[in-house]
Amino acid sequence: MTNKKIRGRAPAICSLGLLENRFVLSAASMQVYKTGDTVAIKGVNTVQNEMPHKRYHGKTGKVYNGTQHAVGIAVNKQVKGRRLAKRIDVRSEHIKHSKSRDRLLKPLKENDQKKKEAKEKLLGFN
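In my numbering, the protein residues as written are 8 to 133.
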């Protein structure tokens with residue numbers, strides 16, 4: 008017997024939790040995304056225009072283009088053994104700034120601060 012579901016769990020993947028707000032805040036659509044920003048893709052069911060395909064849900068990509076309502080994102084897609092660079096257009100409600108880069112830079116900044124303090128302590132600066 009074949010599976011006759013057309014969308015195949017896409018609504019369940021993109022749905023919000025029971026306690027989350029069902030309405031998209033205007034702040035989500037007013038975020039500024041510049042070329043080169045790293046963004047996380049998360050489809051929101053309340054806005055169905057320019058919704059990303061379910062295979063891109065949870066992926067991270069870089070912004071390469073921007074318009075009034077949508078953003079062009081370069082994402083890697085795995086096909087067989089290869090990774091292809093795909094370019095998709097997604098409405099700004101379906102993306103947010105990624106924190107993966109911040110987690111990488113945080114220890115680097117802490118190490119620079121520690122080096123600076125050790126150097127001042129060694130040289131006797133007050």
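Think of the CB as a built atom: it goes at the ideal place given N, C-alpha and C, for glycine as much as any other residue.
Since the structure is predicted, the reported quantities are computational estimates derived from the model, not experimental observations.
{"Asked": "Coarse secondary structure for Asn56, derived from DSSP in three states", "Found": "coil"}
{"Asked": "C-beta contact flag for Ser105 and Thr67 at 8 Å", "Found": "yes"}
{"Asked": "Which of helix, strand or coil DSSP assigns to Asp119", "Found": "helix"}
{"Asked": "Supposed contact pair Val82 and Tyr63 - C-beta distance, whole angstroms, cut 8 Å", "Found": "6 Å"}
{"Asked": "Cβ pair Lys49, Gly65 closer than 8 Å", "Found": "yes"}
{"Asked": "For Ala34 and Glu57, believed in contact at Cβ under 8 Å, the rounded distance", "Found": "So it is not a contact: roughly 18 Å between Cβ atoms."}
{"Asked": "Cβ of Leu111 within 8 Å of any chain C Cβ", "Found": "Judged by its chain identifiers, the structure shown contains no chain C, having just a single protein chain."}
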